[in-house]
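Residue numbers (our numbering), protein chains in the order written: chain A, 1 to 365; chain B, 366 to 675; chain C, 676 to 1183.
We put the beta carbon where it would ideally sit given N, CA and C, even for glycine.
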Amino acid sequence: MSVPQIAKKEQGFRVTLEKRGTTPYLIHFLVPVSSVVAALLVGAIFLKATGHSPLEIYAMMFDGAFGSMYGISETIVKAIPLMLTGLGVSIAFRMLLWNIGAEGQLYMGAFAASWVALFAPDMPGYIMLPLMFIAGFLGGALWGLLPAIPRAFLGVNETITTLMLNYVAILWVDYLVYGPWKDPKGFNFPLTAPFRDSASLPTFGNSRVHLGLLFALAAVVIVYVLLKHTRWGYEIRIIGESQNAARYAGMNIGKNILLVMLLSGGLAGLAGMAEVSGITHRLQHGISSGYGYTAIIIAWLSKLNPWAIIIVSFLFGGLLVGGFSIQTSGLPSATVFMLQGLILFFVLGGEILTRYRIKLQRGRK
Amino acid sequence: MENSIVLSIMAAAIIAGTPLLYAALGEILAERSGVLNLGVEGMMLAGAVSGFMVTVMSGNNWLGLIFAILAGGFMALIHAFLCVTLKANQVVSGLALTIFGTGVSGYLGKSLIGIPAPVTFEKIPIPVLAKIPVLGPVLFNHDALVYISYILVPLIWFFLYRTNAGLKLRSVGENPAAADAVGVNVFLTRYVYVIVGGMLAGIGGAYLSLAYAPTWLEHMTAGRGWIAVALVIFAVWDPVRALIGAYIFGGVDALGFRLQAMGIMIPSFFLKMLPYIFTIVVLILATRETHKKRVGAPGSLTLPYDREER
Amino acid sequence: MADSTLVSMRGITKTFPGVLANSDVNFEAKKGEIHALLGENGAGKSTLMNILTGLYRPDEGEIWIKGEKVVFRSPKEAIAAGIGMVHQHFRLVQPFTVAENLILGSPRPGRILNMKQVEKEITSISKKFGLEVDPRAKIWQLSVGEQQRVEIIKMLYRGADILILDEPTAVLTPQEVKELFKTLRMMADEGRAVIIITHKLHEVMAVADRVTVLRGGKYIGTVNKKETTKQELTKMMVGREIELSSNQDDYNPGEDVLILENINALNDKGYPALKNVNLTVKEGEILGIAGVAGNGQRELAEVVTGLREIQSGTLKINSKQYCNCSPLEIIDAGVAHIPEDRLGMGLVPSLGAVENIMLKEYRKKEMNKGLFLNHKLLKKKTGELIEEFGVKTASIDSPVKLMSGGNLQRLLIAREISCQPKFIVASYPVRGLDVGAIEAVHRILLEQRKAGAAILLISEDLEEIFALADRIAVLYEGEVMGVIRTPETTVEEIGLMMAGSREGEKVS
């Protein structure tokens, strides 16, 4: 039996990871911020490598998003669905329900709201809009409930079921706008007839920023109060932190799965309603530029904190607007997704610093 | 007449199922080591775009395949680094990879849209075997990548259950503490098999752009990576069942086209929904089965391993 | 250094966040001896041995194996040096067979597995040492005692000559313990060094040659078993004279609080875990459940607290029937549960004391103002409980996972007791606690008993059961082997029942 080598006395450092007891607040803030910076750096390298000037591109993006009143208002416009879907996703994530289906829930909310607008067009605005609101919420909520049922009763993984339903929802809307709901005066484009004014959300001034902004902000407040100050919010948090402890304390996990997915889907559905009622004023192909997926990154970056979601949604809205403005330089909108993915990588990687401390040790071994 | 339609559907099922099979085999290996990889969709896209791009640039589809493998492997390396070394949340990391992969492939592929592939993986009927009635046209009239997948399945099966390395892999997935205690390198094992999984996903993607379509389109995987993940559960992490499952899914895909061709009037959108709805149904049934039979996921799936955990 | 010294550890220091696990510890083991590493829970014994086996690296100190200084960078290197360890929680891969577990990581089998060869070798080792086991059996099919045998064979198969066993008797019946000691003696007599980590004095006196005592992470001393006494060892272990609380009160049970009639339940794998169990617990009494872990105790606790389905039979609490109801109904019936898994079930480790106390408080009308929780009141209540029960914590908001085992248990019990429960289920309540905490927990249980609560005490420690319980019931393979008044029975009788004889049966 051989004995391991005797270690020689070495000089130099050894980097180790040591588990932390508690995490200083600074880290919670520093990690997301430096992740964004790091992602932009890597993105810059990528841009340079493919023949573009990163500084130029980034400047164009910033200018497009924040350089003018128009830019800022467009950024807010994008931030509205991002906030709503981000909130929805964050609530589900609190309970470790991986709701990847916000995109589909958004589409179904848009569908339901459009249904009201198109088939009861003669109602006055003060009835129409609230009805669309409710329909939008319900459409998304029920689409969120669908995968929640097998999860609650059979333990079926919701990651895949919610995702599959995204494709189904998008195809459903496509079916409608290419088929039975297609606008006969629409030159064969995949969209419905335009909504009446009564079905359109009022806007602020000359911008496209619509009342949906108030929904989003109100939702933030409601979610915050819910989680921190109500019994239901407490249950949601406990189930997410420790399912065993939750059962032990008598909480009904199945019921909560259903309720949380209803709320999560409902918020995403509202985003859909806000888009068709406030921006497009009709149901059409591609009402969402992947908001449901971006929502996941927003939720994670915000560490599921409702207030942070406001700020991060705004920033990501800027990213989207900036992404559109660089299309004239020949860069596809997919560039934005690349950056988003990079940001999430760095956030994920950086999170280890919240749980471990880097230690430099001098000496041997 | 009826017969040949059935046969052609079966042959189409194999073609449609092959990318799923590659991705699922890769995911089985990764998950067997205890790491959940939800970035398969992004890796397939990365493989599809790089395979296509290099084929266009070099005129050689095998070279394209190699780059597809590298692309998938590289993305998997990121996932491994995040999840194994940095112990990040495996679900979110996989999602990040899918988003990133979608973005990168869209970015790189912009200039490739509309360009036909100069060279693709052509059908190579195997002499003698291709003439066997029934089995011949269904099994032995495909391209090289399909044949390679035929061989991969028993190879992986043998590897998992009959070799020392396969035993070590399974032990890391079931109980990394036990494996570590007897000197198996848990980190290395997880890295290796996550990367191999990514490489296989890359092949699956390359198959789409270099054989199945063959062309490059944004989002061309259309959720196949996710279906592959569901397939792994259906297959109870076994390569042979993955084969069966992949071809069944492929059949559902192929059926859609055939129904239209046969003049059955279902709007194409509903036919396109079939694979996704089918996946949900299969997932529900498979989950019930694993609960009943008490077999299931590798014990440490999604859990990062930390030796000094106290 | 004598030639016969196989292991020498000097000046070992190891810290974890917030805990100094080992502080300048020395340890030595010789050829042919059984050396006990003694100390109460939390003294640092497991940490020291985990360093020896290469799982942890010491912050300071040196290790010498067979006269050469070594540094282990991984368990692999320790195994190569001839060190083998059987941990408290077995490192076995459950779905694998015995043979597969044994060859895992071993350099011998080669690329392609030749299982028949391995099975032959296993059979020869097991015959030699009297450790019977079927190489083809899957681990999850084996009993805990059999799994331990597999772990021991694993060490021998690798040719280990330094064998370490961590609390090996916790999972054995008294008879199995005797068998194990015989095996250990045999292995030592062949020239190996056998180290057993334990906190049980009577085991040390029964089997060890020398004893090293640790206390609070520090090295206290090493003595020859023959030259010392139980009292001296206790003093070294604990640092003071200890009088463990015991049940001296009159036995005055009241009404039946818990009645179990013909209860049948399944375990997680779907096999029967409780078979026709009949038990009652009365007001003002402690019913102790003895038995080797894994014979249905966990399922019993879960059935009674609503966490596990009852296949058939009746559960009555205070004359009201509860059949397959939710844990909530049981909680509302006035049942408190001190679970086996403190951090996994009874508490949420990442949250602070207030939010953990809230687990039982958040539904109460007094703690809510309409739709909203009254955080102020909840914080106040938490502060009161912490003071009353002497829970030491850095701050009321710091995550409870940072608290020591004893304080965690104090917090948990404080929460459960504060609801004035009529019935308490206590599962292994003092497992892993230091003597001071054990005293406190026992005291609280006895106080509750005096106040009229009915207590179901599940424990693996016969000493504890005999000290506290008024009546003792023994579980074996899910069946109740017998229920006896404590003063009317002996450890031997209970031990026999734990091994499968029924009450009153004569052993041939």
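Assigned with DSSP and collapsed to three states, PRO849 of chain C falls in helix. Within the segment 266 to 353 of chain A, complete beta strand (DSSP E) segments of at least 3 residues are not found at all. Looking at the DSSP output, GLU936 of chain C sits in a beta bridge with C:THR989. Less than 7 Å divides the Cβ of PRO121 of chain A from the Cβ of ARG196 of chain A. Residues of the segment 721 to 734 of chain C with a C-beta less than 7 Å from any C-beta of chain B: LEU730 and TYR731, listed in chain order.
With the criterion set as a beta carbon lying under 9 Å from some beta carbon of chain C, the members of the segment 528 to 546 of chain B are THR528, ASN529, ALA530, GLY531, LEU532, LYS533, ARG535, SER536, GLU539, ASN540, ALA542, ALA543, ALA544, ASP545 and ALA546, in sequence order.
Cβ proximity to chain A below 8 Å picks out THR644, ILE645, LEU648, ILE649, THR652, ARG653 and HIS656 from the segment 644 to 667 of chain B. Within the segment 946 to 1013 of chain C, complete alpha helix (DSSP H) segments of at least 4 residues are found at 972 to 979 and 1002 to 1007, given in chain order. Neighbours of LEU142 of chain A in chain B, taken as residues whose beta carbon is under 7 Å from its own, are absent, since the nearest beta carbon is some 15 Å off.
Identification of chain A residues near VAL932 of chain C by a Cβ-Cβ cut-off of 8 Å yields none; the smallest Cβ-Cβ distance measures about 20 Å. Within the segment 548 to 563 of chain B, those residues whose Cβ lies closer than 7 Å to any Cβ of chain C are, in chain order, GLY548 and VAL549. Take the alpha-carbon of VAL168 of chain A and the one of ILE1013 of chain C: they are about 47 Å apart.
Just so you know, the alpha carbons of VAL886 of chain C and MET880 of chain C end up roughly 9 Å apart. Between THR467 of chain B and chain A, the shortest Cβ-Cβ separation is below 7 Å.
Closest option to GLY759 of chain C, judged by alpha-carbon separation, among C:GLU1122, C:THR728 and C:ALA1129: C:THR728. Counting the other Cβ atoms within 10 Å of the Cβ of MET911 of chain C gives 16 or more, which makes it buried.
THR955 of chain C is positioned such that its CB atom lies closer than 7 Å to that of ASP931 of chain C. About 3 Å separates the Cβ atoms of MET338 of chain A and GLY468 of chain B, confirming a contact at the 8 Å cut-off.
The residues ILE1013, GLN1084, ILE1088, VAL1116, LEU1120, LEU1132 and SER1134, in chain order, have a CB closer than 8 Å to that of PRO1104 of chain C in the same chain once the five nearest residues on each side in sequence are set aside. Exclusion of the five residues before and after GLY866 of chain C leaves LYS706 and GLY707 as the residues of its chain whose Cβ lies within less than 6 Å of its Cβ. In chain order, HIS874, ARG890, MET912, VAL913, ASP1109 and VAL1110 place their CB closer than 8 Å to the CB of GLU715 of chain C, counting only its own chain and leaving out the 5 sequence neighbours on each side. Taking 7 Å as the upper bound on Cβ-Cβ separation, chain C lies near residues HIS229, THR230, ARG231, TYR234 and ILE238 of the segment 215 to 238 of chain A. In this structure, the CA atom of GLY391 of chain B is about 18 Å from the CA atom of PHE552 of chain B. In the DSSP assignment, VAL694 of chain C falls outside any alpha helix (DSSP H) and lies within the beta strand (DSSP E) extending over 694 to 705. Against chain C, the CB of ASN244 of chain A has a partner CB under 7 Å away; the residue lies at that interface.
For TYR641 of chain B, the neighbours in chain A by C-beta distance under 9 Å run, in chain order, LEU163, MET164, LEU165, ASN166, TYR167, VAL168 and LEU171. Within the same chain, Cβ atoms closer than 8 Å to the Cβ of LYS488 of chain B are found at ASN506, HIS507 and ASP508, the five residues on either side in sequence being excluded. The C-alpha of ALA453 of chain B is placed about 33 Å away from the C-alpha of ILE609 of chain B. For PHE552 of chain B, the secondary structure class from DSSP, reduced to helix, strand or coil, is helix.
According to DSSP, residue pairing for LYS1044 of chain C in a beta bridge involves C:PHE1047.
Residue contact with chain A for PHE1098 of chain C: absent (no Cβ-Cβ distance below 7 Å to any residue of chain A).
Using a C-beta cut-off of 8 Å, the segment 247 to 263 of chain A makes contact with the segment 92 to 100 of chain A, since at least three inter-stretch Cβ pairs fall below that distance. Residue range 720 to 727 is occupied by the alpha helix (DSSP H) that includes MET724 of chain C.
One thing to note: ALA940 of chain C has its Cβ within 7 Å of the Cβ of GLN986 of chain C. Residues of the segment 412 to 439 of chain B that bring their beta carbon within less than 9 Å of a beta carbon in chain A are absent altogether. Between the beta-carbon of ILE296 of chain A and that of VAL594 of chain B there is about 16 Å, and that puts the pair past the 8 Å contact cut.
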